[in-house]
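As they're listed, the protein sequences go chains S and D. Read left to right, the first sequence gives residues 8 to 344 (my numbering). Read left to right, the second sequence gives residues 47 to 122 (my numbering). Yeah, the Cβ is synthetic: ideal placement off N, Cα and C, and Gly gets one too.
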Amino acid sequence: MTAKKRKITIAKAMAEAIAHEMRADPGVLVMGEDIAALGGVFGNTRGLLDEFGSERVRDTPISETAFIGAAVGMAAAGMKPVVELMFVDFFGVCMDAIYNLAAKQSYFSGGNVTCPMVLMTSVGGGYGDAGQHSQTLFATFGHLPGLKVVIPSNAYDAKGMMIAAIRDPNPVVFMFHKALQGMGWLGTVQSSVVDVPDEAFEIELGKAAVVRAGRDITIAGLGHTVHLAMDAARELAKAGVEAEVIDLRSVAPIDRATILASVSRTRAFLSVDDDYMSYGVGAELVATVAEAVALKARPQRISYPDIPVPFAPEMEHAVLPSADKIIAAVQSILGEK
Amino acid sequence: MSNVIIPANLWEEDLEGAVSIWFFEEGDNVSEGDTLCEIMVEKSTFEVEAPAAGVLRILVQVEVPVKKGDAIAHIG
Numbered sequence: 008m009t010a011k012k013r014k015i016t017i018a019k020a021m022a023e024a025i026a027h028e029m030r031a032d033p034g035v036l037v038m039g040e041d042i043a044a045l046g047g048v049f050g051n052t053r054g055l056l057d058e059f060g061s062e063r064v065r066d067t068p069i070s071e072t073a074f075i076g077a078a079v080g081m082a083a084a085g086m087k088p089v090v091e092l093m094f095v096d097f098f099g100v101c102m103d104a105i106y107n108l109a110a111k112q113s114y115f116s117g118g119n120v121t122c123p124m125v126l127m128t129s130v131g132g133g134y135g136d137a138g139q140h141s142q143t144l145f146a147t148f149g150h151l152p153g154l155k156v157v158i159p160s161n162a163y164d165a166k167g168m169m170i171a172a173i174r175d176p177n178p179v180v181f182m183f184h185k186a187l188q189g190m191g192w193l194g195t196v197q198s199s200v201v202d203v204p205d206e207a208f209e210i211e212l213g214k215a216a217v218v219r220a221g222r223d224i225t226i227a228g229l230g231h232t233v234h235l236a237m238d239a240a241r242e243l244a245k246a247g248v249e250a251e252v253i254d255l256r257s258v259a260p261i262d263r264a265t266i267l268a269s270v271s272r273t274r275a276f277l278s279v280d281d282d283y284m285s286y287g288v289g290a291e292l293v294a295t296v297a298e299a300v301a302l303k304a305r306p307q308r309i310s311y312p313d314i315p316v317p318f319a320p321e322m323e324h325a326v327l328p329s330a331d332k333i334i335a336a337v338q339s340i341l342g343e344k
Numbered sequence: 047m048s049n050v051i052i053p054a055n056l057w058e059e060d061l062e063g064a065v066s067i068w069f070f071e072e073g074d075n076v077s078e079g080d081t082l083c084e085i086m087v088e089k090s091t092f093e094v095e096a097p098a099a100g101v102l103r104i105l106v107q108v109e110v111p112v113k114k115g116d117a118i119a120h121i122g
């Protein structure tokens, strides 16, 4: 006899978190394309319209310029909008509201007007949706001061981080990776579907998690690449290499302390992300490590090459990170020490 | 012992689907009414509930094609 479990997907965890905060706070509302009647194309607002009605769960026209701008205004007026940018790739038409208004509101008003909004947005590819629906753009958003940018790798973190994001007085970009959403047609990573408490709880934003302990090398990933790193670590262990795996969970702020504490022990480092390489997450992590720790071998990063995402599956998967690429990189790093 | 059968009216038309997620593992205890798994048909998702309480034995793994009326698990 084993204890009763409650495994749910990231999509359901997000919907539960939003529902909890909507019950607790009448200022919380949800807006976006197809988030009400359909429950979100990625399932993360399912059930909210039935419980809270169309005043607080609002389907919008296809104008991110209008409804994300509206969300920033609502937040300035004291409401707590959770607004969905269906694909992060669509940020172009609403970026002024995000980085010039939302991100700077608190600074420009001397802290008098905060911006308690959550922008939730899908990231990542792997299912043949090509260059305008498959990017992650972690670094694009992480580069801009004033925004918190987070991404969960599993349903437990998704629930705790969404509740923390809604309660946060700052604008939070809450990214979720399509491959982890629990929507079968996008491919589902089973290890993202985990036991999640029914009740509300918070996970502090900006804190990375050590998800596997190891002495030989530190591998840092976020979102989908955490699962690839775990797969690689299990394979490497069979050959006697013990990798420590860190789930960043937050792009901004980035948890340098957790990375450095780990690398100070392992003195070897590999970062793995599925955003473009140049000026990216890997560049930031490798610089952070190189500035602070005398490493036993040269660090490496696996990222997406600096090209738009190809449509053909053979081409897309050739350039995406994979467990095999991680294993090869670890062997290359540790082979030269 | 109960069989977990995909209900004949779970989705329209005579399409094949596939289990996309099992929410429990082999040998887990389940209660009547628990959502056991999701079945993906085209781009829609359908949940299958436990018809009885007991220990789950999974017969169909994820991504294997299934039809309405198929037995996908036992509960014993």
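The shortest CA-to-CA distance from E323/S to any of V296/S, A290/S, V37/S and A137/S is the one to A137/S.
Within 10 angstroms of the beta-carbon of V120/S lie fewer than 16 other beta-carbons, which makes it exposed.
In the three-state DSSP reduction, Y106/S falls in the helix class (H, G or I). Annotated three-state conformation of G73/D is coil, per DSSP.
Here M284/S carries a coil assignment [DSSP, helix/strand/coil]. Contact between T273/S and D223/S holds: their C-beta atoms lie close to 6 Å from each other, under 8 Å. Within the stretch 52-79 of chain D, the residues whose Cβ lies closer than 9 Å to any Cβ of chain S are, in chain order, G63, A64, V65, S66, I67, W68, F69, F70, E71, G73, D74, N75, V76 and S77. Segment contact: the stretch 47-54 of chain D against the stretch 79-99 of chain D, three or more CB-CB distances shorter than 8 Å; contact assigned. When the beta-carbon positions are compared, V203/S and I25/S stay at least 8 Å from each other.
For M169/S, no beta strand (DSSP E) run applies; the uninterrupted alpha helix (DSSP H) run containing it begins and ends at A162 to R174, by DSSP. Judged by their CB atoms, L255/S and A215/S are nearer to each other than the 8 Å cut-off.
Flagged as an interface residue toward chain D: G189/S, by a C-beta distance shorter than 8 Å.
Rounded to the nearest angstrom, the Cβ distance from A227/S to A240/S is 12 Å, too far for a contact under 8 Å.
Remark: C-beta atoms of F183/S and A207/S do not approach each other more closely than 8 Å. Note that the C-beta distance between H234/S and S198/S is below 8 Å.
Around the Cβ of R30/S, a 10 Å sphere holds fewer than 16 other Cβ atoms; the residue is exposed.
At a cut-off of 8 Å between C-beta atoms, T128/S does not count as an interface residue with respect to chain D. Excluding the 5 residues flanking it on each side, R263/S has same chain C-beta neighbours closer than 7 Å at T295, in chain order. If you draw a straight line from the Cα of S113/S to the Cα of E321/S, it comes to about 46 Å.
Under the DSSP definition of a beta bridge, N49/D partners with H120/D. Within chain D, no C-beta atom comes less than 9 Å from the C-beta of K332/S; the nearest is roughly 23 Å away. For a cut-off of 8 Å, the C-beta gap from L277/S to V300/S is around 14 Å, too long to register as a contact.
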